[in-house]
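Worksheet for the structure shown next.
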Amino acid sequence: MFQNRSIEIAVGVFVAAGLAALFVLAMKVSNLSAFASENGYSLEARFDNIGGLKERAPVTMAGVRVGRVEKIGFDNETYEAVVQLNIEHQYDTLPKDSSASIYTSGLLGEQYVALEPGGAMAYMKPGDTFKITQSALVLEEMIGQFLFKAAEGGDGQ
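The sequence shown begins at 4 in the numbering used here and counts up one residue at a time.
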């Protein structure tokens with residue numbers, strides 16, 4: 004009887020550990036890391052088209068995650084998407100002439116913001132706005148342009 008009880012307890016602990024591992028994995032996959040604090044500084048980027056960019060998407064530089072997308076809004080006067088980026092404090096030496104682009108990881112993967120450092124000697128401060136941005140490439144627009152060009156070239160005119 005004592006042996007059956009210890010086996011049941013061991014199985015229960017194993018199942019609980021498995022559920023905890025699944026929970027942590029789900030948090031990592033959904034970018035909802037409840038254990039990470041977001042105490043960085045905020046920068047702003049304006050884009051004509053953000054495609055499928057979402058809040059909490061990664062912000063990278065040279066392939067390394069340096070922050071996350073904090074908030075996405077829309078400017079009614081300029082008709083641009085306004086993206087607030089939360090950059091970790093350890094990356095506070097970003098030159099003022101740096102650029103921000105929206106890329107897709109893989110062919111149909113999630114979108115993220117990639118930063119390219121410039122060459123200026125002055126650094127961006129909290130609240131600054133990127134002057135150089137590149138909007139997301141939308142797959143549907145690219146296919147539409149390709150088909151339009153193919154139809155134009157097939158006329159024989």
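Yeah, the Cβ is synthetic: ideal placement off N, Cα and C, and Gly gets one too.
State the start and end residues of the unbroken beta strand (DSSP E) segment that holds A48.
44-50
Would you call M145 buried or exposed, if buried means 16 or more other Cβ atoms sit within 10 Å of its Cβ?
exposed
Can you tell me which of G55, I75, A65, L56 puts its alpha carbon nearest to the alpha carbon of S45?
I75
Would you kindly report the start and end of the unbroken alpha helix (DSSP H) that includes I146?
142-156
At which residue ranges does the segment 52-140 contain complete beta strand (DSSP E) runs of 3 or more residues, listed in the order of the chain?
61-64, 67-78, 83-90, 102-107, 114-119, 135-137
Going by beta carbon distance, what residues of the same chain come within less than 7 Å of G43, once the five residues before and after it are set aside?
G70, N89, I90, E91, H92
Rounded to a whole number of angstroms, what is the C-alpha to C-alpha distance between D100 and Y126?
8 Å
CB-CB length for I53 against V86, believed under 8 Å:
7 Å
If distances are taken between C-alpha atoms only, which option among E73, Y115, A23 comes closest to L56?
Y115
Exposure of F50, with buried meaning 16 or more beta-carbon neighbours within 10 Å
buried
Using a 10 Å radius around the Cβ and a threshold of 16 neighbouring Cβ atoms, would you call V72 buried or exposed?
buried
For F38 and K31, what's the separation of their Cα atoms in angstroms?
With a pLDDT of only 46 at F38, under 50, the local geometry of the prediction cannot be trusted, and no value is derived from it.
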